[in-house]
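Here's the structure, in structure tokens; my notes come after.
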Amino acid sequence: MESFFKRLSALSATTILLILTSIFVVLFLYAKPAIKEYGLKFLIDPRWDVVVSSAPNNVKMTTSSLNQNTINIENGTIPTDSDLDIPTDNDIGDSSVDIPADNDLAIGGGSSSNTKVIYGGLIPIVGTILSTILAMVFAVPVAMGIAVFLSEIAPPFISKPVGVAIELLAAIPSIIYGMWGLFYFGPFISHIFGGGSVSLLVAGLVLGIMIIPFMASLTRDSMNTTPDVLKESAYAIGATKFEVIKDVIFPYAKKGIIGSMILALGRALGETMAVAFVIGGVFSFPHKLTDPTVSIPVVLANNFAESSGMSLNALFYLALILFLISFIVISFAKFYFLRDKK
Amino acid sequence: MRFLINKVVLFLSTIAAILGLVFLFWILITLTIKGLGAINTHIFTNDLVNNGLRNLLVGQFVLALIAVLIGVPIGVIGGIYLQEYSFGNKYAEIIRNLSDVMMSAPSIVIGTFVYAVIVNPVGHMNGWAIMMIPIVLRTTDDMLSLVPKELREAGVAIGAPKYKVIFDIVIKAAKVGIMTGLLLAFARIIGETAPLLFTSGNNEYFTLDLNHEFPSLTVAIYNLATMPDKSLVDIAWAGAFILTVFVLLINLLGRYIVKEKKKC
Chain S
356 MESFFKRLSA LSATTILLIL TSIFVVLFLY AKPAIKEYGL KFLIDPRWDV VVSSAPNNVK
416 MTTSSLNQNT INIENGTIPT DSDLDIPTDN DIGDSSVDIP ADNDLAIGGG SSSNTKVIYG
476 GLIPIVGTIL STILAMVFAV PVAMGIAVFL SEIAPPFISK PVGVAIELLA AIPSIIYGMW
536 GLFYFGPFIS HIFGGGSVSL LVAGLVLGIM IIPFMASLTR DSMNTTPDVL KESAYAIGAT
596 KFEVIKDVIF PYAKKGIIGS MILALGRALG ETMAVAFVIG GVFSFPHKLT DPTVSIPVVL
656 ANNFAESSGM SLNALFYLAL ILFLISFIVI SFAKFYFLRD KK
Chain P
63 MRFLINKVVL FLSTIAAILG LVFLFWILIT LTIKGLGAIN THIFTNDLVN NGLRNLLVGQ
123 FVLALIAVLI GVPIGVIGGI YLQEYSFGNK YAEIIRNLSD VMMSAPSIVI GTFVYAVIVN
183 PVGHMNGWAI MMIPIVLRTT DDMLSLVPKE LREAGVAIGA PKYKVIFDIV IKAAKVGIMT
243 GLLLAFARII GETAPLLFTS GNNEYFTLDL NHEFPSLTVA IYNLATMPDK SLVDIAWAGA
303 FILTVFVLLI NLLGRYIVKE KKKC
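Which chain is which? The protein sequence lines are S and P, in order. If you're matching positions, the first sequence starts at 356 in the working numbering and goes up one per residue. If you're matching positions, the second sequence starts at 63 in the working numbering and goes up one per residue.
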């Protein structure tokens with residue numbers, strides 16, 4: 356009994372390891388056809404689900420080359436399947452390549468022998484990173500402000516209920532933030548900054564608002580660990596509140612604060628529902644902040660159910676990339692900043 | 063000058079706090095107004111086909127229950143291992159760190175994983191269980207670490223085998239803490255949408271058959287809220303409101319338990 360239970364418990368603990376590694380392995384296996392097909396170019400190719408002729412010189416689908424394309428097909432002079440030699444560096448985002456917003460358009464195009472469907476992850480990757488950066492730029496100052504306010508400025512009768520409220524807000528499901536963003540915040544932002552009510556800007560801000568409570572309560576907790584003696588001795592030699600915050604509390608709580616930021620960053624990176632409502636889900640580069648675009652989780656959420664074959668593999672490739680990014684960010688936070696917290 | 067800077071900074075941080083709070087309360091207020099406006103008895107007695115939420119509420123609850131049934135035993139027993147059997151070795155440290163990493167892994171990636179492993183070959187399933195394991199594991203681990211060493215030693219001293227010490231002494235001492243952790247883990251997963259999107263899906267009809275697409279409140283909210291029909295959007299608001307109230311109540315309950323425990 357004793358040894359049985361010991362083994363059982365060790366096994367349960369090992370499940371974590373097993374699940375984590377099998378997530379890696381499974382995602383990799385499912386993504387493998389796409390990885391083989393597109394390689395690392397996937398990371399810098401902005402076209403998603405675009406049908407192109409396999410001939411490299413016909414990639415640009417301007418009218419002239421389209422005509423040429425047709426002629427070529429008629430004459431049967433299409434070059435053989437040459438390994439995806441697509442000029443990725445000549446600013447395809449602006450070029451005339453037609454990126455269909457509606458993914459259903461091109462499904463089945465890959466079956467034809469002289470055309471193939473290209474999947475490239477650049478736009479969702481860029482969308483993910485940009486929306487996360489926007490969220491952080493917006494959320495960090497506000498969350499710091501809230502934390503400073505709660506731990507140093509507000510009297511207890513304000514900071515206690517507000518602190519509890521902030522912690523409760525951190526527990527609200529992200530889909531609520533998304534809905535609110537779609538119906539209230541998006542129109543509000545487009546009223547001020549122009550553009551549509553779904554855009555990169557709205558997505559970034561909604562994400563930011565979503566991670567504020569999380570970041571603020573973690574930051575406040577680590578600021579509250581500063582011993583009162585340190586603060587009091589600084590006040591005693593005549594420091595102002597700001598100087599105490601800047602020179603005593605921040606250095607003392609630095610690790611915790613940076614750790615909370617990185618955890619919030621990881622959360623913003625992988626967030627699906629809050630973003631899915633407001634980013635627009637359009638495969639195009641955002642030239643302005645108010646343009647709609649797409650992010651990796653949103654691509655997965657919107658396209659996964661209808662996908663099969665190569666498009667499914669490409670989605671798994673994206674999922675693998677997202678998992679790797681968040682894995683790296685979180686481990687970095689854990690091992691570098693939160694290492695000696697105990 | 064120093065005092066001026068001080069004043070400016072304090073002012074700015076207060077403004078930031080107010081700004082953040084304004085947004086957050088804006089969300090809560092719209093949610094309450096929209097949600098309360100759309101809630102009526104019709105919603106609780108009809109399924110989604112008839113513009114009600116009954117099957118979704120039941121479905122969401124059943125899904126959460128399944129996640130609990132799978133996630134809790136593994137998590138709790140794994141936590142026991144980390145605290146009681148590992149003796150602080152390296153392996154336990156690695157598991158701890160990995161479960162922290164997994165806790166913050168994107169939930170949609172968990173969804174794709176479950177899809178690949180279970181849904182694709184077998185059939186519909188929900189992705190919450192996997193999300194729940196690391197949370198439960200870590201809370202159990204933390205709660206057991208709070209149990210005083212002397213209690214264990216007392217148990218061992220009277221000749222009890224280790225598993226008996228664990229079940230009769232350590233778990234009992236940490237019971238409240240573990241329960242609170244479970245409650246909070248429950249509150250966290252029940253609001254998740256992404257792992258369900260393509261694993262359990264959604265269903266308009268009442269069903270308890272897990273082999274089919276299963277009704278889910280959060281997925282339905284997502285689908286309904288993006289519909290052009292305003293009455294459907296209102297149902298989504300009602301669902302969102304119910305979900306939020308439920309999650310917040312569980313959180314408050316967890317806080318209350320922690321507070322009560324501190325009092326004793």
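Just so you know, even glycine gets a beta-carbon here, dropped at the ideal spot from N, CA and C.
Residue i and residue j look like a contact to me (Cβ under 8 Å); what is the Cβ gap, rounded to whole Å?
i, j, result
"ILE170 (chain P)", "LEU655 (chain S)", "5 Å"
"SER618 (chain S)", "ALA688 (chain S)", "Ser is not the amino acid found at residue 618 (chain S); the sequence shown has Leu there. That belief holds up - the Cβ atoms of LEU618 (chain S) and ALA688 (chain S) are roughly 6 Å apart, short of 8 Å."
"VAL633 (chain S)", "ALA558 (chain S)", "5 Å"
"ALA608 (chain S)", "THR580 (chain S)", "6 Å"
"ALA623 (chain S)", "MET491 (chain S)", "7 Å"
"GLY217 (chain P)", "ILE231 (chain P)", "5 Å"
"ALA365 (chain S)", "TYR143 (chain P)", "5 Å"
"LEU670 (chain S)", "PHE659 (chain S)", "6 Å"
"ILE371 (chain S)", "MET164 (chain P)", "6 Å"
"THR280 (chain P)", "PRO528 (chain S)", "7 Å"
"ALA386 (chain S)", "ASN657 (chain S)", "The pair is not a contact, with the Cβ atoms about 18 Å apart (cut-off 8 Å)."
"PRO168 (chain P)", "GLY625 (chain S)", "2 Å"
Apart from the five residues on each side of it in sequence, which residues of its chain come closer than 6 Å, Cβ to Cβ, to residue i?
i, result
"GLY611 (chain S)", "SER577"
"ILE473 (chain S)", "ARG402, VAL405, VAL407"
"LYS96 (chain P)", "TRP299"
"VAL497 (chain S)", "ILE567"
"THR201 (chain P)", "GLY243"
Are any of the Cβ atoms in chain C nearer than 9 Å to that of residue i?
i, result
"MET241 (chain P)", "Absent from the structure: chain C. Protein chains present are S and P."
Could you spell out where the alpha helix (DSSP H) holding residue i opens and where it closes?
i, result
"ARG622 (chain S)", "605-625"
"GLN122 (chain P)", "116-142"
"LYS69 (chain P)", "64-100"
"PHE543 (chain S)", "541-548"
"ALA594 (chain S)", "From DSSP, ALA594 (chain S) is part of no alpha helix (DSSP H); its letter is neither H nor E."
"PRO479 (chain S)", "477-503"
"PRO388 (chain S)", "357-393"
"ASP109 (chain P)", "From DSSP, ASP109 (chain P) is part of no alpha helix (DSSP H); its letter is neither H nor E."
"ASN703 (chain S)", "Examination of residue 703 (chain S) is not possible in this model, given that chain S is present from 356 through 697 alone."
"ASN698 (chain S)", "In the structure as shown, chain S begins at 356 and stops at 697. Residue 698 (chain S) is therefore absent and cannot be evaluated."
"GLU155 (chain P)", "152-165"
"GLY536 (chain S)", "Careful: GLY536 (chain S) lies outside any alpha helix (DSSP H) and carries neither H nor E."
"GLU661 (chain S)", "First-last for GLU661 (chain S): undefined, no H or E at that position."
Near residue i, which residues of its chain fall below 7 Å by C-beta distance, leaving aside the five closest residues on each side in sequence?
i, result
"THR443 (chain S)", "Confidence at THR443 (chain S) is low in this model, with a pLDDT of 39, below 50, so its placement is unreliable and the value that follows should be read with caution. Counting only Cβ-Cβ distances below 7 Å, and skipping sequence neighbours, we find LYS396, ILE399, ASP400."
"LEU199 (chain P)", "GLY137, GLY140, GLY141, SER161"
"ALA502 (chain S)", "ALA571, THR574, ARG575, MET578"
"PRO479 (chain S)", "VAL649, SER650, ILE651, VAL654, LEU673"
"ALA298 (chain P)", "ILE283, LEU286, ALA287"
"GLU357 (chain S)", "none"
Taking 8 Å as the limit between beta carbons, can you name the residues of its chain near residue i, skipping five residues before and five after?
i, result
"VAL111 (chain P)", "GLU266, TYR267"
"GLY173 (chain P)", "GLY189, ALA256, PRO257, LEU258, LEU259, PHE260, THR261"
"GLU507 (chain S)", "MET578, LYS596, VAL599, ILE600, ILE604"
"LEU489 (chain S)", "LEU555, LEU556, ALA558, GLY559, LEU560, LEU562, GLY563, LEU644"
"THR425 (chain S)", "Any answer about THR425 (chain S) is weak, because its pLDDT of 35 lies below 50 and its placement is not dependable; what the coordinates show is given next. Around THR425 (chain S): no qualifying Cβ."
"SER419 (chain S)", "Because the pLDDT of SER419 (chain S) is 36, which lies under 50, any placement of that residue in the model is unreliable, and the question is left without a value."
Where does residue i land, buried or exposed, given buried means 16+ other C-beta within 10 angstroms?
i, result
"GLY99 (chain P)", "exposed"
"LYS471 (chain S)", "buried"
"GLY394 (chain S)", "exposed"
"SER588 (chain S)", "exposed"
"TYR691 (chain S)", "exposed"
"GLU254 (chain P)", "buried"
"ASN264 (chain P)", "buried"
"LEU708 (chain S)", "In the structure as shown, chain S starts at 356 and stops at 697, and residue 708 (chain S) therefore has no counterpart that could be examined."
"GLU215 (chain P)", "exposed"
"ARG64 (chain P)", "exposed"
"PRO641 (chain S)", "buried"
"ASP203 (chain P)", "buried"
"ASP291 (chain P)", "exposed"
"PRO277 (chain P)", "buried"
"VAL70 (chain P)", "exposed"
"PHE123 (chain P)", "exposed"
"GLU392 (chain S)", "buried"
"ILE66 (chain P)", "Reading off the sequence shown, one finds Leu at residue 66 (chain P), where the question assumed Ile. Exposed, because fewer than 16 other Cβ atoms sit within 10 Å of the Cβ of LEU66 (chain P)."
"PHE149 (chain P)", "exposed"
"ASN102 (chain P)", "exposed"
"GLU155 (chain P)", "exposed"
The ligand FMN heavy atoms versus the CB of residue i: any closer than 8 Å?
i, result
"GLU357 (chain S)", "Looking for the ligand FMN in the displayed structure turns up nothing, as the structure carries no ligands at all."
Open item on the list: Report the start-end ranges of each alpha helix (DSSP H) in the segment 251-290 of chain P that is 4 residues or longer and not cut off at the edges.
Closed with: 279-287
Task: Segments of 4+ residues assigned as alpha helix (DSSP H) that fall wholly inside the segment 177-238 of chain P - done: 190-207, 211-219, 224-227
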